[in-house]
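In terms of the numbering used here, the sequence shown has 155 at position 99, counting the first letter as 1, and numbering is strictly consecutive.
For every residue, glycine included, the Cβ atom is placed at its ideal position computed from N, Cα and C.
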Amino acid sequence: MSEHSDTPPSTRSLQDVVARKRRRRLAKRQHPGRTIWFGLGMFGLVGWSVAIPALIGVALGMWIDFRRPSQYSWTLMLMLMGVALGCLNAWRWVHRESELGTPPESEGANEQGEGGSS
């Protein structure tokens, strides 16, 4: 921690970025389970997590429009709500997966590996 106090802010942030990238690379080498196929599967899962709520919204909207006609299109409104809900769900899922792939920030890793060769 003390080596950061005498360095300028721009150098400190560069050191933090390099240290974070180094920790992620080491964690990736220790846990090599995620391949290109995992990425493609995640891409498909994100697509379906947006498409399914949108299609449910369209089906429900068409049913409401058929049963109770009005000047507003329930099909369009519920489709947009389904897309928004699906995007939120996909974002949360991808965010959670990216956090699981990142090693936890710990003081021990900073003191042992990133210390002192300048």
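query                                                                                                                                                                 : result
Go ahead and label Glu-167 buried or exposed: buried means 16 or more other beta carbons lie within 10 angstroms of its beta carbon, across all protein chains shown. : With a pLDDT of 44 at Glu-167, under the threshold of 50, the modelled position of that residue is not reliable, and the figure given next carries that caveat. Classification of Glu-167: exposed, given that the 10 Å Cβ count is below 16.
Using 10 angstroms around the beta-carbon of Glu-163, count the other beta-carbons present and answer buried if the total reaches 16, otherwise exposed.              : Low confidence applies here, because Glu-163 scores a pLDDT of 42, under 50, leaving its location unreliable; read the following figure in that light. Glu-163 is exposed by the Cβ-count criterion.
Can you give me the C-alpha to C-alpha distance between Met-133 and Ser-105, rounded to a whole angstrom?                                                             : 18 Å
By the 10 Å Cβ neighbour count, where 16 or more other Cβ atoms means buried, how is Trp-119 classified, buried or exposed?                                           : exposed
Give me the residue from Ile-112, Gln-127 and Val-102 with the minimum Cα distance to Met-137.                                                                        : Ile-112
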